[in-house]
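Enquirer: Below you will find the structure I want to go over with you.
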Amino acid sequence: MNSVAWILVIRDAALPAALGFVRSALDKEPRAVAFLDTYGLVLLRLGRHAEAVQQYDALLAMQPGMADSRFARGIAKRRQGQTAAGDADLAAARAVNPTVDALYATYGITP
1 MNSVAWILVI RDAALPAALG FVRSALDKEP RAVAFLDTYG LVLLRLGRHA EAVQQYDALL
61 AMQPGMADSR FARGIAKRRQ GQTAAGDADL AAARAVNPTV DALYATYGIT P
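Residue 86 in UniProt numbering sits at position 86 of the sequence shown, with consecutive numbering throughout.
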């Protein structure tokens, strides 16, 4: 289920369906970091930035070194007007993974 949701979200396609798939996956494994990451990205794509930040907060509490999730959380924070906090997340993500901007650009997601 999560794999289908991931494919949809990186293609920016059928986001309501992606949301359903990832929720089904999380029902079975609520602490699965990969599923939480997908859920956060679906919420980000849907413009539900506050919810995306909450999901990424939960994920990063479990796995603080996940650069991709920190990067996406930074974008969500910036889109909520939390520029300084978002920029801090983006910088932290880039310090761990200098290519994270390029990766997200392939998904059509930029800060």
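Note that CB positions come from ideal geometry on N, CA and C, so glycine has one too.
Owing to the predicted nature of the structure, the values given are computational and were not obtained by experimental measurement.
Residue 53 and residue 71 - do their beta-carbons sit closer together than 8 Å?
Expert: Contact: no.
Enquirer: From 106, 88 and 49, pick the residue whose C-alpha is nearest to that of residue 7; which is it?
Expert: Out of 106, 88 and 49, 106 has the C-alpha closest to the C-alpha of residue 7.
Enquirer: Leaving out five residues before and five after residue 42 in sequence, what residues of the same chain have Cβ atoms less than 7 Å from its Cβ?
Expert: These residues qualify, in order along the chain: 5, 9, 15, 18, 19 and 22.
Enquirer: Where does residue 194 fall in DSSP's three states?
Expert: The chain is shown from 1 up to 111; residue 194 falls before or after that span and cannot be answered.
Enquirer: Hey, would you say residue 40 sits closer than 8 Å to residue 26, going by beta carbons?
Expert: In this structure, residue 26 does not lie closer than 8 Å to residue 40 by Cβ.
Enquirer: From which residue to which residue does the alpha helix (DSSP H) around residue 38 run?
Expert: Segment 33–45, the alpha helix (DSSP H) holding residue 38.
Enquirer: Given that a residue counts as buried once 16 or more other Cβ atoms are within 10 Å of its Cβ, and exposed if not, what is residue 63?
Expert: Exposed is the call here.
Enquirer: Only counting runs of 4 or more residues, tell me where the alpha helix (DSSP H) segments fall wholly within the stretch 56–102, in order along the chain.
Expert: Qualifying alpha helix (DSSP H) stretches, in chain order: 67–79 and 83–96.
Enquirer: Indicate the three-state DSSP secondary structure (helix, strand or coil) for residue 11 in the structure shown.
Expert: Residue state, collapsed to three classes: coil.
Enquirer: Using the three-state DSSP reduction, which class does residue 20 fall into: helix, strand or coil?
Expert: Looking at residue 20 - three-state DSSP - the assignment turns out to be helix.
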